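First residue of the sequence shown: 1, per the working numbering; consecutive thereafter.
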Amino acid sequence: MKIKKNFIDALRIHVKGGHGGNGFPKFGGIGGKGGDIYVETVEKQTLAGTLSKNPEKRYIANNGGHSKQHCIIGQPGEDLVIPVPSGITVTSDNNKNLGDLNVVGKRVMVSQGGTGGNSRNKFIGQKGQNRNINLILRLIADIGLVGFPNAGKSTLLKAVSNAKPKIASYPFTTLEPMIGTLDYDDGRKITLADLPGLVEGAWANVGMGHSFLRHVERTKVLLYIVDINGFRLGPKYPHRSAIESVILLNKELELYRPDLVEKPSLLVINKMDTANAEEKLLKTLKDLKKIQKVSENFPEEMRPAQFVKFDDVIPCSAKENQESVNHVKLRLRDILDFSVIEGDAMVSQEIKLREQVKRKLSESNIRIL
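Written as structure tokens, this is what we have:
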């Protein structure tokens, strides 16, 4: 069955700066500069909206005006602005980062217009920059929700936030990222991004792994969720217990980007309302304390080099037990706030150390270049 996908998180477009206008040699006239092309963050914009306004994905800025007898300096070509949502990384075809656009109103030039004709170029207007660029969306949320399909991510998101995800008892219910807002009694709001379920090999882009994983890069905290009963993706895959699911999620994130496993993290062990859940939980918690030894049962290539150090582990029934859901919600806030305070303290300490080094170098008459 073909799945209709409305959510777009990447676009490859062609941009061409305007051609510079010709000069007027007889009077030393200068041609107008060709228009530049910018990508700019706009409120309430989506990449789908960007695409719908220009399905051909080709953007060409206006040319500069020619120098004339009665207009010695040619008119510059009008710049072209491409609207995009917040969270866009702009890259060239050779994967060079051209800019990160995380704030409304921020812009980056992606194609420069050609210089107008003048005495240095024989009064011939120059071509504008002509290339392909990539617009890659990385969702900006406080917390990223990660897990294998059918672990109960969407159920938990619905229980703790204002989001209304599709929920069903089969894998891959979530087909596109969704952001929910956690509201607290004191007016505090925290955003939580639910990502489509990962599959083994997501790091290698199996099952659109890269498309999903890149959305956790900008989150401050990761919320891992596993089914206490374990998980099996399909007949070709082995059944994975809850502890094995934790190890594999750890490995998938580590292989994609090693620093992801260092993020502050909370582990939710879900579906505690099912049969024999308490007995399975005791074994899982015991295995978590010796997770490195448990991982030795896996092939070497599937063992994490660095294990996630969870700030807390919470048994939960996202479907049946609102008290456990509320506990998750409160702990997420605690962990997020602590990570921000700790991060600010590290930055402050780094600034102090830099100032101390500068002062000592200055006292020693050593110039800092």
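All C-beta atoms, glycine included, are put in the ideal place defined by N, C-alpha and C.
The structure displayed is predicted, hence computed values, not measured ones.
Do Leu332 and Val221 have their beta-carbon atoms positioned less than 8 Å apart in this structure?
Position 221 of the sequence shown, counted from the start, is the residue given in the question as residue 221. Position 332 of the sequence shown, counted from the start, is the residue given in the question as residue 332. Yes, they are a contact pair.
The alpha helix (DSSP H) enclosing Ser245, as first and last residue numbers
To locate residue 245, count along the sequence shown from 1; it is residue 245. Taken as a continuous stretch (DSSP letters only), the alpha helix (DSSP H) holding Ser245 covers Ala242 to Tyr256.
So Ser111 and Asp186 are supposed to be a Cβ contact under 8 Å. How far apart are they, rounded?
On the sequence shown, residue 111 is found 111 positions in, with the first residue counted as 1. On the sequence shown, residue 186 is found 186 positions in, with the first residue counted as 1. Rounded, the Cβ-Cβ distance is 47 Å, inconsistent with contact.
Between Leu195, Glu78, Val261 and Leu80, which has its C-alpha nearest Phe310's C-alpha?
As a position in the sequence shown, residue 310 is number 310, starting the count at 1. Closest by alpha carbon: Val261.
Could you tell me whether the Cβ atoms of Ser245 and Gly234 are closer together than 8 Å?
The residue given as residue 245 occupies position 245 in the sequence shown. The residue given as residue 234 occupies position 234 in the sequence shown. Not closer than 8 Å, so no.
Taking Cβ to Cβ, would you say Lys57 is nearer than 8 Å to Ile88?
In the sequence shown, counting from the first residue as 1, residue 57 sits at position 57. In the sequence shown, counting from the first residue as 1, residue 88 sits at position 88. No.
Ignoring anything shorter than 3 residues or poking outside the segment 34 to 117, list the beta strand (DSSP E) runs there in chain order.
The segment 34 to 117 contains these whole beta strand (DSSP E) runs: 37 to 41, 58 to 60, 80 to 84, 88 to 92, 97 to 101 and 107 to 111.
What would DSSP say about His239, mapped onto helix, strand or coil?
Residue mapping note: residue 239 aligns to position 239 of the sequence shown, counting from 1. In the structure shown, His239 adopts coil according to DSSP, grouped into three states.
Among Glu78, Lys290, Pro55 and Pro85, which has the Cα closest to the Cα of Leu47?
Position 47 of the sequence shown, counted from the first residue, corresponds to residue 47. Closest option to Leu47, judged by alpha-carbon separation, among Glu78, Lys290, Pro55 and Pro85: Pro85.
Assuming Gly64 contacts Gly77 (C-beta within less than 8 Å), just tell me the rounded distance between them.
Your numbering for residue 64 matches position 64 in the sequence shown. Your numbering for residue 77 matches position 77 in the sequence shown. The distance from the Cβ of Gly64 to that of Gly77 is about 5 Å, consistent with a contact at the 8 Å cut-off.
Assuming Asn62 and Gly18 form a contact by the criterion Cβ under 8 Å, report the distance between their Cβ atoms to the nearest whole angstrom.
Within the sequence shown, the letter at position 62 stands for residue 62. Within the sequence shown, the letter at position 18 stands for residue 18. Correct: roughly 5 Å between the Cβ atoms.
When burial is assigned at 16 or more other CB atoms within 10 Å of the CB, is Lys153 buried or exposed?
The count along the sequence shown starts at 1 and reaches residue 153 at position 153. Burial is judged here by how many other beta carbons sit within 10 angstroms of a residue's own beta carbon; Lys153 has at least 16 and is buried.
Euclidean distance between Cα positions of Ile30 and Ile341:
Position 30 of the sequence shown, counting from 1, holds the residue named residue 30. Position 341 of the sequence shown, counting from 1, holds the residue named residue 341. Going from the Cα of Ile30 to the Cα of Ile341 covers about 56 Å.
Arg218 versus Val226, Asp227, Ala193 and Tyr224, residue with shortest Cα-Cα distance:
As a working note, residue 218 is residue 218 in the sequence shown. It is Ala193.
Buried or exposed by the 16-neighbour rule on C-beta atoms within 10 Å, applied to Glu301
Numbered from 1 along the sequence shown, position 301 holds the residue referred to as residue 301. Classification of Glu301: exposed, given that the 10 Å Cβ count is below 16.
Given a cut-off of 8 Å, decide if Ala305 and Glu252 are closer than it, judged by their beta-carbon atoms.
Reading the sequence shown from its first residue, position 252 is the one you call residue 252. Reading the sequence shown from its first residue, position 305 is the one you call residue 305. No, they are not a contact pair.
State the Cα-Cα distance for the pair Lys127 and Asp79, rounded to the nearest angstrom.
Translated into positions along the sequence shown, residue 127 becomes position 127. Translated into positions along the sequence shown, residue 79 becomes position 79. When rounded, the distance between both Cα atoms is 15 Å.
Measuring only the C-alpha atoms, how far is Ser295 from Leu288?
In the sequence shown, counting from the first residue as 1, residue 295 sits at position 295. In the sequence shown, counting from the first residue as 1, residue 288 sits at position 288. Between Ser295 and Leu288, the C-alpha separation is close to 10 Å.
Tell me the residue span of the alpha helix (DSSP H) that contains Asp287.
One-based indexing of the sequence shown puts residue 287 at position 287. Its alpha helix (DSSP H) spans residues Ala277 to Lys289.
Where Val103 falls, given that 16 or more other Cβ within 10 Å makes a residue buried:
Numbered from its first residue, the sequence shown carries residue 103 at position 103. If you draw a 10 Å sphere on the C-beta of Val103, you find fewer than 16 other C-beta atoms in it, and that means exposed.
Give me the Cβ distance between Ala242 and Ile228, rounded to the nearest whole Å; I'm assuming they're in contact under 8 Å.
Mapped onto the sequence shown, residue 242 falls at position 242. Mapped onto the sequence shown, residue 228 falls at position 228. Cβ atoms of Ala242 and Ile228 come within 8 Å of each other, at about 5 Å.
Excluding the 5 residues preceding and the 5 following Ile8 in the sequence, name in chain order all residues of the same chain whose CB lies nearer than 7 Å to its CB.
In the sequence shown, counting from the first residue as 1, residue 8 sits at position 8. Excluding sequence neighbours, Ile8 sits near Leu47, Ala48 and Leu51.
State the Cα-Cα distance for the pair Phe27 and Ser67, rounded to the nearest angstrom.
Against the sequence shown, residue 27 aligns to sequence position 27. Against the sequence shown, residue 67 aligns to sequence position 67. In this structure, the straight-line span from the alpha carbon of Phe27 to that of Ser67 is close to 9 Å.
According to DSSP, is Ala10 part of a helix, a strand, or is it coil?
For this step, residue 10 is matched to residue 10 along the sequence shown. If DSSP states are grouped into helix, strand and coil, Ala10 belongs with the strands.
Indicate the three-state DSSP secondary structure (helix, strand or coil) for Lys16 in the structure shown.
Mapped onto the sequence shown, residue 16 falls at position 16. The three-state secondary structure of Lys16, taken from DSSP, is strand.
By a C-beta neighbour count over all protein chains shown, 10 Å radius and 16 as the cutoff for buried, is Leu11 buried or exposed?
Walking along the sequence shown from the start, residue 11 turns up at place 11. Leu11 comes out buried.
CA nearest to the CA of Ile82, picked from Asn97, Val268 and Lys106
Position 82 of the sequence shown holds residue 82. When each option's Cα is compared against that of Ile82, the closest is Lys106.
Got a sec? Which residues, its chain only, sit under 6 Å from Tyr237 by beta carbon, not counting five neighbours each side?
Taking the first residue of the sequence shown as position 1, residue 237 is located at position 237. Hits under 6 Å: none found.
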